[in-house]
Structure formats: structure tokens, C-alpha cells
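FYI, this note's numbering numbers position 126 of the sequence shown as 187, with every residue one higher than the one before it. A short write-up of the structure that comes next.
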Amino acid sequence: MDKKELYLLALAQEIRSQKLYDALAKSFKNPQNSVFFRELVLLEQAHEARLRESFGPEFPDAEPEAKALKDKDLQGLDLNDPVALLEYAAEREAIAQNHYLAFAEQTSEPELKAMLLELAEEEDKHRSLLLVELQRIQGSLDWYDPSELAGFMDF
């Protein structure tokens, strides 16, 4: 993959994420959830800005194709299921992280490699935020092995 293709793929990925989080912000009735997704939109916009700042001068007229900005995977997703939506979003962040790691491995430019590795790390942090939010909306999760408590109350 050449540098321009890398740029366009990464840019499309960030724009798709922004659209996803914007849609999620609008779909959740709870203002706390809405704010959470609006913050993720801002983080993804910051990624887009970094990419445009780094690659824009070299490819000033390059924009992802409209079809690259459509999230085809959403078609099979239950948009009324917040758990499914959060799991999907976390999966998308993992995919983005893997893309950035692969892009970093392909480049020999130290500054570009460093930026791509930073973006990969940030995508992993976004994924962690989504997983924490998933746990929060699911309520208390089983974080222990109930069999370890067998006999605990027998005294």
C-alpha cells in the first residue's frame, strides 16, 4: 500500500468513526451516554486533523471516496441494542488500532511511524473507554468465580 492509499484509508476510518459516534450520541436518551459519545467524536476529529496535517500538504486534493465512508457492517446491527452498539464500536476501535499498527510497520519514515503508533495507542484507549461504558450500562458484572465462595457462609 502506498502512502496516499494509507492516508485515504486512515482518513475514511476516522470519518466513519465520527459518524458512528455522532449517531450513537443522538440515539441514546440518557444525556450522560450522549456526552460520552460526543467526546469520542471530538477524539476522532482530532485524529482526522492529525492525519490531514501530516498528509494534507503532500496530497492536498485527496479525499476518501463516498463509498469508503459508508459503514456496511451497521446494516446487520440491532440499532436498538446499546450493548450490541458498544460492542460493535469497541470492535471498530480494535480494527483501527490494527490498521495503524500495520501502517506503522510498512513505513520507513520515523516521524510517520511514530504518529501511526501514537494513533494505534489512542485507538486502544478509545476501545477501553467503550468497554468501560459497556460494563457501566450492563450494571454489575460477575467479576469473581462464584464456586470460590462455596461454603463461605457456612459457619
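Ideal Cβ positions, reconstructed from N, Cα and C, are used throughout, including at glycine.
- In this structure, the straight-line span from the alpha carbon of Asn141 to that of Lys90 is close to 11 Å.
- In this structure Leu192 touches Ala151 by the C-beta definition: roughly 6 Å separates them, less than 8 Å.
- In this chain, Glu170 is not harboured by any alpha helix (DSSP H), its DSSP state being neither H nor E.
- For the options Arg197, Leu70, Ala71 and Val102, the alpha carbon positioned closest to that of Lys80 is the one of Val102.
- Between Arg77 and the set Ser88, Pro121, Ser115 and Ile156, the nearest pair of CA atoms involves Ile156.
- Cβ-Cβ distances below 7 Å link Glu119 to nothing in the same chain once the five nearest sequence neighbours on each side are left out.
- Taking every protein chain shown into account, the CB of Met62 has fewer than 16 other CB atoms within 10 angstroms, so this residue is exposed.
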